[in-house]
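*Asks:* Here's a structure for you.
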Amino acid sequence: MERKIVLSGMRATGRMHLGNYFGAVRNWVELQEQYDCYYFVADWHALTTDYGDPSEIVANSLEVAADGIAAGLDPERSVLFLQSAVPAHAELHLLFSMFTPLGWLERVPTYKDQIKQLTNKELATYGFLGYPVLQAADILIYRGEGVPVGEDQASHLELSREIARRFNSYYGDTFPEPKALFTPAAKVPGLDGRKMSKSYGNTIDIADSPDTIRAKCKSMFTDPQRIRRDDPGHPETCNLFQFHRLLSPPEIQERVARECRLAQIGCVDDKALIADQIIAFLEPMRKKREELMRDRGDLLAILREGSRRASERAEETMEAVRDAMSLNYDRILEADRS
Ligand code: TRP
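Counting with this note's numbering, you get residues 444 to 781 for the letters of the sequence shown.
Rendered as structure tokens:
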């Protein structure tokens with residue numbers, strides 16, 4: 444029996460962090476058991492914000508790929524590849540851009556948010572507005588059933604469905620409507636208590652050394668109502684405690700929550716404890732990652748082989764798309780002959 448197809452992409456703007464891992468990648472790893480998975484590094488998407496200085500994108504893409512494999516993505520079982528190594532994504536993006544109304548793109552909430560948040564960058568560009576159109580092409584070109592993403596991608600998935608519907612209504616049934624497979628409740632706070640995100644500079648990365656993790660944990664924001672050491676704490680609202688929820692065994696969670704409420708454990712001690720949990724959790728990934736980064740030629744070879752496999756399926760879709768849109772020059776010759 445043919446397995447269903449799942450696909451997803453990771454933006455190559457920097458190394459993978461705990462927010463990426465718990466928000467998405469952990470789920471990608473599990474899905475490999477049940478689906479044919481296509482996972483890629485969205486290196487062109489990185490250009491939508493980093494076009495002014497693209498010099499890091501290639502190195503970042505390899506880092507992200509190494510992070511993903513270290514986290515459990517398996518190139519034997521899944522197709523792991525680079526977006527830019529499958530140029531058909533760009534062709535489909537162009538075709539979609541012809542019939543995607545501007546209003547749909549201007550309404551996407553991530554578009555408005557990012558323009559507000561990233562004030563140091565000029566984001567009133569054609570490419571940035573079209574970010575979700577490229578994402579729709581990434582998704583639809585594999586005619587996948589499910590797209591495992593974090594909740595923040597909901598509006599992009601909705602737009603992909605709208606684009607599929609519009610294509611199908613103009614040119615005939617070609618694309619199934621993709622469904623988002625949301626990762627069950629795993630919001631990871633950053634060091635400053637906002638959502639963990641590379642653009643906020645508040646991340647703990649898969650590749651961080653134990654020393655870096657300890658230093659970062661020391662800088663974490665804690666319960667703002669607990670000012671002095673002997674004030675009682677509020678683990679339910681403190682962002683430190685979120686990390687225990689994600690990483691610590693239940694005994695530690697219970698003990699810390701109790702001692703925090705009674706002011707028996709201080710925030711400084713708790714930060715050290717959290718650092719230990721994170722370090723232990725990341726240790727096997729860090730080892731695997733180091734091994735992969737030792738020879739980037741081998742790593743690139745894995746991604747090139749994945750890109751070749753991805754291209755096969757992408758090309759099948761493009762044949763169907765060119766037919767549906769009457770852009771197939773061979774067809775006119777066939778008509779001449781008959
Ligand atoms: N926009 C996604 C993110 O920021 C990355 C991405 C690009 C993606 N293309 C995709 C995710 C296709 C899923 C499917 O996380």
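Beta carbons are placed, not taken as given, at the ideal position from N, Cα and C, and that holds for glycine.
In this text the structure is predicted, and so the values were computed from the model without any measurement.
1) My assumption, with CB atoms under 8 Å, is that alanine 757 sits in contact with valine 529. Please give the rounded CB distance.
2) Exposed or buried, what is arginine 729 when buried is set at 16 or more other beta-carbons lying within 10 Å of its beta-carbon?
3) Restricting to runs no shorter than 4 residues, where is the alpha helix (DSSP H) found entirely within the segment 596-630?
4) State yes or no: is the C-beta of leucine 634 within less than 7 Å of the C-beta of serine 662?
5) With glycine 589 and leucine 624 assumed to form a contact (beta carbons below 8 Å), what rounded beta-carbon distance in angstroms separates them?
6) Using only the alpha-carbon positions, how far apart do isoleucine 670 and tyrosine 554 sit?
7) What are the start and end residues of the beta strand (DSSP E) that includes glycine 452?
8) Hey, how far is the Cα of proline 497 from the Cα of glutamate 759?
9) What are the residues that DSSP puts in a beta bridge with histidine 488?
10) In whole angstroms, what is the alpha-carbon distance linking alanine 531 and lysine 638?
11) Just to confirm, is the Cβ distance from alanine 718 to arginine 657 under 7 Å?
12) Distance, Cα to Cα, aspartate 648 vs leucine 461?
13) Looking at glutamine 578 and the ligand TRP, is the gap between the Cβ and the nearest heavy atom below 6 Å?
14) Specify the secondary structure class of leucine 525 as computed by DSSP and reduced to three states.
15) Between arginine 613 and serine 769, what straight-line distance do the alpha-carbon atoms span, to the nearest angstrom?
16) Along the chain, which unbroken stretches of the alpha helix (DSSP H) at least 4 residues long are found entirely within the segment 632-664?
17) Can you round the beta-carbon distance between tyrosine 481 and isoleucine 448 to whole angstroms, since I take them to be within the 8 Å contact cut?
18) In the structure shown, what three-state DSSP assignment does aspartate 479 receive?
19) For arginine 454, does the count of other Cβ atoms within 10 angstroms reach 16, so buried, or fall short, so exposed?
20) On the three-state DSSP scale, how would you describe glycine 570?
21) Cβ of glycine 452 within 6 Å of any heavy atom in the ligand TRP?
22) Which word fits asparagine 384, buried or exposed, when buried means at least 16 other C-beta atoms lie within 10 angstroms of its C-beta?
23) Using a 10 Å radius around the Cβ and a threshold of 16 neighbouring Cβ atoms, would you call valine 631 buried or exposed?
24) With 16 as the cutoff for other CB atoms within 10 Å, does arginine 520 come out buried or exposed?
25) Taking only runs of the alpha helix (DSSP H) that begin and end inside the segment 656-739, which ones reach a length of at least 4 residues, in chain order?
26) Just how far apart, CA to CA, sit glycine 709 and serine 652?
27) Identify, in the order they occur along the chain, each residue of the same chain with its Cβ nearer than 7 Å to the Cβ of arginine 604, setting aside the five sequence neighbours on each side.
28) Over the uninterrupted alpha helix (DSSP H) stretch that includes glycine 546, give me the two end residues.
29) Grab the span of the alpha helix (DSSP H) containing valine 501 for me, first residue to last.
30) Specify the secondary structure class of proline 497 as computed by DSSP and reduced to three states.
31) Considering only C-alpha positions, which residue in the set Ile582, Pro693 and His599 is nearest to glutamate 549?
32) Since valine 764 and leucine 535 are thought to touch, with beta carbons under 8 Å apart, how far apart are those beta carbons, to the nearest angstrom?
33) Closer than 6 Å: is that where the CB of histidine 488 sits relative to any heavy atom of the ligand TRP?
34) Helix, strand or coil for glycine 422 per DSSP?
35) Taking the straight line between their C-alpha atoms, what separation do you get for aspartate 410 and serine 781?
*Replies:* Considering the structure as presented:
1) By 1-based counting over the sequence shown, the position of residue 757 is 314. By 1-based counting over the sequence shown, the position of residue 529 is 86. Right, their Cβ atoms sit about 5 Å apart.
2) Counting from one through the sequence shown, the residue named residue 729 turns up at place 286. Around the beta carbon of arginine 729, 16 or more other beta carbons lie within 10 angstroms, which makes this residue buried.
3) Qualifying alpha helix (DSSP H) stretches, in chain order: 597-614.
4) Here residue 634 refers to the residue found at position 191 of the sequence shown. Here residue 662 refers to the residue found at position 219 of the sequence shown. In this structure, leucine 634 places its C-beta atom within 7 Å of the C-beta atom of serine 662.
5) Here residue 589 is taken as the residue at index 146 of the sequence shown, counted from 1. Here residue 624 is taken as the residue at index 181 of the sequence shown, counted from 1. Indeed, because the Cβ distance is near 4 Å, the residues count as touching under 8 Å.
6) Walking along the sequence shown from the start, residue 670 turns up at place 227. Walking along the sequence shown from the start, residue 554 turns up at place 111. Between isoleucine 670 and tyrosine 554, the C-alpha separation is close to 37 Å.
7) Here residue 452 is taken as the residue at index 9 of the sequence shown, counted from 1. That run of the beta strand (DSSP E) goes 448-454.
8) Working through the sequence shown from its first residue, we reach residue 497 at position 54. Working through the sequence shown from its first residue, we reach residue 759 at position 316. Straight-line spacing of the CA atoms in proline 497 and glutamate 759 works out to 31 Å.
9) In the sequence shown, the residue the question calls residue 488 occupies position 45. Beta-bridge partners assigned by DSSP to histidine 488: none are found.
10) The residue you call residue 531 lines up with position 88 of the sequence shown. The residue you call residue 638 lines up with position 195 of the sequence shown. Taking the straight line from one Cα to the other gives about 34 Å.
11) Translated into positions along the sequence shown, residue 718 becomes position 275. Translated into positions along the sequence shown, residue 657 becomes position 214. Against a cut-off of 7 Å, the Cβ pair of arginine 657 and alanine 718 comes out as a contact.
12) Walking along the sequence shown from the start, residue 648 turns up at place 205. Walking along the sequence shown from the start, residue 461 turns up at place 18. Approximately 6 Å between the Cα atoms of the pair.
13) Within the sequence shown, the letter at position 135 stands for residue 578. Relative to the ligand TRP, the beta carbon of glutamine 578 is positioned inside 6 Å of a heavy atom.
14) Here residue 525 is taken as the residue at index 82 of the sequence shown, counted from 1. Strand at leucine 525.
15) Taking the sequence shown and counting its residues from 1, one reaches residue 613 at position 170. Taking the sequence shown and counting its residues from 1, one reaches residue 769 at position 326. Strictly speaking, residue 613 in this sequence is tyrosine, with arginine absent from that position. Rounded to whole angstroms, tyrosine 613 to serine 769 spans 11 Å at the Cα level.
16) Within the segment 632-664, the complete alpha helix (DSSP H) runs of at least 4 residues are 653-661.
17) In the sequence shown, the residue the question calls residue 481 occupies position 38. In the sequence shown, the residue the question calls residue 448 occupies position 5. Sure, about 7 Å apart at Cβ, within 8 Å.
18) Numbered from 1 along the sequence shown, position 36 holds the residue referred to as residue 479. The answer is strand: DSSP assigns aspartate 479 an E or B state.
19) Mapped onto the sequence shown, residue 454 falls at position 11. Counting Cβ neighbours within 10 Å, arginine 454 comes out buried, since at least 16 surround it.
20) Here residue 570 corresponds to residue number 127 of the sequence shown, with the count starting at 1. Three-state result, glycine 570: helix.
21) Sequence index remark: in the sequence shown, residue 452 carries index 9 (1-based). Glycine 452 Cβ: within cutoff of the ligand TRP.
22) Residue numbering for the chain in the displayed model covers 444 to 781; residue 384 lies beyond these limits and cannot be assessed.
23) Taking the first residue of the sequence shown as 1, we reach residue 631 at position 188. Buried is the label assigned to valine 631, since at least 16 other Cβ atoms lie within 10 Å of its Cβ.
24) Position 77 of the sequence shown, counting from 1, holds the residue named residue 520. So arginine 520 ends up on the exposed side.
25) If we require 4 residues or more, the alpha helix (DSSP H) runs fully inside the segment 656-739 come out as 682-690, 693-704 and 710-737.
26) On the sequence shown, residue 709 is found 266 positions in, with the first residue counted as 1. On the sequence shown, residue 652 is found 209 positions in, with the first residue counted as 1. In this structure, the alpha-carbon of glycine 709 lies about 24 Å from that of serine 652.
27) Taking the sequence shown and counting its residues from 1, one reaches residue 604 at position 161. Excluding the 5 residues flanking it on each side, arginine 604 has same chain C-beta neighbours closer than 7 Å at Glu620 and Pro621, in chain order.
28) Numbered from 1 along the sequence shown, position 103 holds the residue referred to as residue 546. Residues 545-549.
29) Against the sequence shown, residue 501 aligns to sequence position 58. 500-513 is the extent of the alpha helix (DSSP H) around valine 501.
30) For the purposes of this step, residue 497 is taken as the residue at position 54 of the sequence shown. If DSSP states are grouped into helix, strand and coil, proline 497 belongs with the helices.
31) As a working note, residue 549 is residue 106 in the sequence shown. The closest CA to that of glutamate 549, considering only Ile582, Pro693 and His599, is found on His599.
32) The residue labelled residue 764 in the question sits at position 321 within the sequence shown. The residue labelled residue 535 in the question sits at position 92 within the sequence shown. With 8 Å as the limit, valine 764 and leucine 535 qualify as a contact, their Cβ atoms being about 7 Å apart.
33) Counting from one through the sequence shown, the residue named residue 488 turns up at place 45. Result yes, Cβ under 6 Å from the ligand TRP.
34) The structure shown does not extend to residue 422, since the chain is modelled only from 444 to 781, so the question has no answer here.
35) No information on residue 410 is available, as it lies outside the stretch 444 to 781 that the chain covers here.
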